[in-house]
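Everything below concerns the one structure shown next.
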Amino acid sequence: MKSSKFQIFLFSTAGVVLVFVALVGLNLIFMPARARVDMTADKLHTLSPGTKQILKRVDSPLELRLYVSQGKDRMPPAMKTYVQSVEDLLSEFRAQTGDNITIKKFDPEPDSEAEDSAKLDGVQGQQLPNGEEFYLGLAVENPPEKVAIPFLTPTREKLLEYDLARAISQVLSTNKPVIGVMSPLQVMGGFNPMMMQMGRQGQTEPWLFVSELKRDFDVQTVAMDVEKIDDKIKVLVVLHPRDITDKAQFAIDQFVLRGGKLIAFVDALCISDTQRQQQPNPMGLNFGTSSSLPKLFKAWGYDFGSQVVADTQFMRELGGRDGRPQLVPGFLFVNATGIDPNDVVTAQVDDVWMPFPGALQGAATAGLKAEPLLFSTKDSQLVDGITAQMNPEKVLQDFKASGVTYNLGVRLSGKFKTAFPEGKPVTAGATNAPPATGDTLKEAAADNVVYVFGDADMLANNFTVRIDQMFRIATPMNANLSLLQNVVEQAAGDASLVGARSRASVRRPFTVVQEMEAAARKSYQAKIEELDKKLVDL
């Protein structure tokens, strides 16, 4: 009887209303606990801490205008999933800011106001094979600041969160830190007489790393013979300082003691230094040049020589002089085995290319702390640079693992002391003049940071990106530029973007497979040496 009464009540008007209210209540109770479990290896669907820090700064309305072509003739089928990923990520951004971000979506049809708006915002369409233009770009505006991402290419999908976070960070920042770039190479672009001799245009574009830095910073040239580095420069990037004078090293020394951040890329064999050879050598090859900061390194407890680090764990087959693939142990493809996974600037870096790098050897002096960021395996050896470049087969034949882990990239921190206790070096021709002490600093007033990397080629375009000749879009081949930007952003004082960077480069190396290949090569090499010895005995 009780059951019959309950069924009558359940299907009555009052019962239906009560069940509805109960369901709504349960939904409200469990909605806040809703969470998406991200099972991907790199947590690709979870906003990183750096992105969240940037979005916390969005305390006023920010407008994001997304331009996406619609329709089967104007959106390639292969792009639909990626477009959805873009929209989902933007929605996560908006939710993180408490709806301070407004997202407006436009379909830039031909000859429409939306297309005019896209062009005014700096968003560019890409022509499809059928003649239609496909738009997928974004404009971020925080008046009076506006930043555009002209085209959100799927080849940068793993950098998508970083690209979006950077655009937002740019419109939130009013003053860009000043970055100085000091190099004898034409990294800033300019006139190159060598290219004229080869029948090409003499004007060269800046290296891509410079163009990338210009998106976030005020980048200025610093002369190789500088006597004082401008106080407005916050971070100094020194790239392949070959033949650097003591006077210029003194300028860098004083810059560091004043609190300026130094990022140095020296090299045991810089094969990108083609300007040094005014006349091609008889073989038509560039043997490369070496560079260092000897006075500064000595004061910090380190030495950087001209020998190259060869590592059988990090080598791959490359095209030889006769076109046939050959293993080159001096060209390092550094994977996660040689990268510090716990440091903020390298935790999300997994693939760094270093052509013929040198090793920073020694130990930090009292008051300084050294933290290796990039390093070789113990299956490594210091070898002659020219031999490593010209005769990699001989390097492998004579190879004997040192059992030493060589530093390829190091961060030094602490209170730096001057490398010039006698004061400013005297100018050439004025040897009888007394040392110029004046207002020179002897020690830093506070802790500071210096980054040193044993390779300069690692920033050259040839070893960092693959450029699409049709769309002129640069796709990273590795994490080299990502690493540089991490370091610069960290040194410039805003670390948020470091945490927003991609957790993996486009290519994920198979570290276990590479270790197995290296072990197999060792075995084969031993067998070859045994057979060679038997042949000699015969």
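Heads up, the sequence shown stops at 632 in the numbering used here, and the numbers go up one at a time, no gaps.
Just so it is clear, CB atoms sit at the ideal spot from N, CA and C, and this is done for glycine as well.
Status (buried if at least 16 other CB within 10 Å, exposed otherwise) for residue i
i	result
K536	exposed
I561	exposed
T512	buried
T558	buried
K355	buried
D405	buried
P268	First, the amino acid is wrong: residue 268 is Thr here, not Pro. Its Cβ having fewer than 16 others within 10 Å, T268 is exposed.
D310	buried
P419	exposed
S590	buried
A540	exposed
A460	exposed
P374	Residue placement at P374 is flagged as unreliable, the pLDDT there being 47, under the threshold of 50; the coordinate-derived value follows with that caveat. Result: exposed.
G284	exposed
D193	exposed
A172	exposed
D397	exposed
D319	exposed
Q348	buried
P238	exposed
Expected contact under 8 angstroms - CB spacing of residue i and residue j to nearest Å
i	j	result
T431	T383	Not confirmed; about 29 angstroms, so no contact.
V402	A482	4 angstroms
L279	L330	Contact flag wrong, Cβ pair sits at about 16 angstroms.
V275	M282	6 angstroms
Q190	K146	6 angstroms
F79	Q220	Since the first and last residues shown for the chain are 95 and 632, residue 79 lies out of range.
S185	A594	Their Cβ separation, rounded to whole angstroms, is 17 angstroms, which puts S185 and A594 out of contact at 8 angstroms.
I365	F450	7 angstroms
N574	W447	6 angstroms
L502	L553	About 14 angstroms; that fails the 8 angstroms criterion.
CB contact check: residue i to chain D, cutoff 9 angstroms
i	result
P423	Structure shown: chain D not included; a single protein chain is present.
Residue i to residue j span [Cα, whole Å]
i	j	result
L232	D434	34 angstroms
Q579	L307	7 angstroms
G424	L577	21 angstroms
D215	A317	36 angstroms
R415	I148	49 angstroms
Q314	T368	23 angstroms
R602	P388	The pLDDT assigned to R602 is 47, lower than 50, so where the model puts this residue is not dependable; a value taken from the coordinates is nonetheless given after this. Straight-line Cα distance between these residues: approximately 36 angstroms.
G144	R260	10 angstroms
F303	P335	17 angstroms
E140	V152	According to the sequence shown, residue 140 is Thr rather than Glu. If I take the Cα positions, the gap works out to 19 angstroms.
L647	K213	The structure shown does not extend to residue 647, since the chain spans only 95 to 632, so no value can be given for it.
K270	I327	11 angstroms
N236	V520	51 angstroms
P170	S206	20 angstroms
F187	V582	25 angstroms
R168	T247	16 angstroms
I346	P223	53 angstroms
S305	W394	32 angstroms
V428	Q407	9 angstroms
Q491	T499	21 angstroms
D445	A495	23 angstroms
P466	A458	11 angstroms
Y256	F228	23 angstroms
K341	S211	53 angstroms
G225	Q164	15 angstroms
Best match in the options for proximity to residue i [C-alpha to C-alpha]
i	options	result
D324	S163, W301, V350, S305	V350
K518	T140, L279, Q343, D257	Q343
P515	Y500, S507, T534, T499	T534
K198	T191, A208, Q190	A208
V234	P248, T196, P419	T196
L476	M571, P570, S400	S400
A586	N542, T569, A573, N572	N542
T175	N194, L230, V304	L230
G353	F510, V428, L302, E251	F510
E181	V241, A212, Y161, D397	Y161
S507	F493, K463, F408	K463
F493	P248, F228, M409	M409
S386	M571, D337, A242	D337
V217	A458, V241, N224, G497	V241
I567	G225, L183, P155, R250	R250
P570	T339, L412, L254	L254
L158	G165, L258, G225	L258
L390	V544, V422, Q297	V544
V265	Q584, P155, D478	P155
Q584	N572, R505, S474	R505
key: Cβ contact check for the segment 547 to 556 and the segment 448 to 461: 3 or more pairs under 8 angstroms   = yes
query = If you pair each beta-carbon of the segment 435 to 445 with each one of the segment 482 to 489, do three or more pairs fall below 8 angstroms?
reply = no
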